[in-house]
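In our numbering, the protein residues as written are 159 to 316.
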């Protein structure tokens, strides 16, 4: 980032309330931790015997509904509020790292839904094939990679 962009970003950052940034950070950290936990639980469900699989999948789905989903709503809601509250699009929309982060978050949410939540929903209702532990490990590794990419976009591309 060149010296010409710094005053613009400083003006935009000064207009953002600290509690809103804290809420967004809490949502991001909670969502990232929830993704890693629920994807790990999915791998454990795949290795359980048939009679206990539905109960374990139901517990993992409850963890999703009671923790991961509210953290995702907090993350997206506060992120949209930060974006809408940006005066004239001067702070975020001019940063390349913001666009990388936004794209990675969208990909992360889609991948997380397709590879983790849909199988958990089917298993908790008693249907669906058990997930392959390798597939759950792949989902876990992909979520870790995407979270690392988001952190890289935040800290390395300044």
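C-beta: ideal position from N, C-alpha, C; glycine also.
Residues near residue i by beta carbon distance below 6 Å, same chain, minus five either side
| i | result |
| --- | --- |
| residue 188 | 229 |
| residue 252 | none |
| residue 215 | 203, 278, 281 and 282 |
| residue 225 | 192 |
Helix, strand or coil at residue i [DSSP, three-state]
| i | result |
| --- | --- |
| residue 205 | coil |
| residue 259 | helix |
| residue 186 | helix |
| residue 231 | helix |
| residue 265 | helix |
| residue 192 | helix |
| residue 176 | helix |
| residue 310 | helix |
| residue 213 | helix |
| residue 237 | helix |
| residue 166 | A caution first: residue 166 carries a pLDDT of 45, below 50, which makes its placement in the model unreliable, though a value can still be read off. Helix, per DSSP. |
Cutoff 7 Å; reference residue i; Cβ partners in own chain excluding five residues on either side
| i | result |
| --- | --- |
| residue 274 | 196, 197, 200 and 297 |
| residue 236 | 178, 181, 182 and 185 |
| residue 239 | 178 |
| residue 130 | Absent from the model: residue 130. The displayed extent of the chain is 159 to 316, so no value can be given. |
Start-to-end residues for the alpha helix (DSSP H) that takes in residue i
| i | result |
| --- | --- |
| residue 279 | 276–282 |
| residue 251 | Taken as a continuous stretch (DSSP letters only), residue 251 belongs to no alpha helix (DSSP H), as it is neither H nor E. |
Own chain residues within Cβ distance below 8 Å of residue i, not counting five before or after
| i | result |
| --- | --- |
| residue 257 | none |
| residue 295 | 201 |
| residue 221 | 192, 195, 196 and 199 |
| residue 299 | none |
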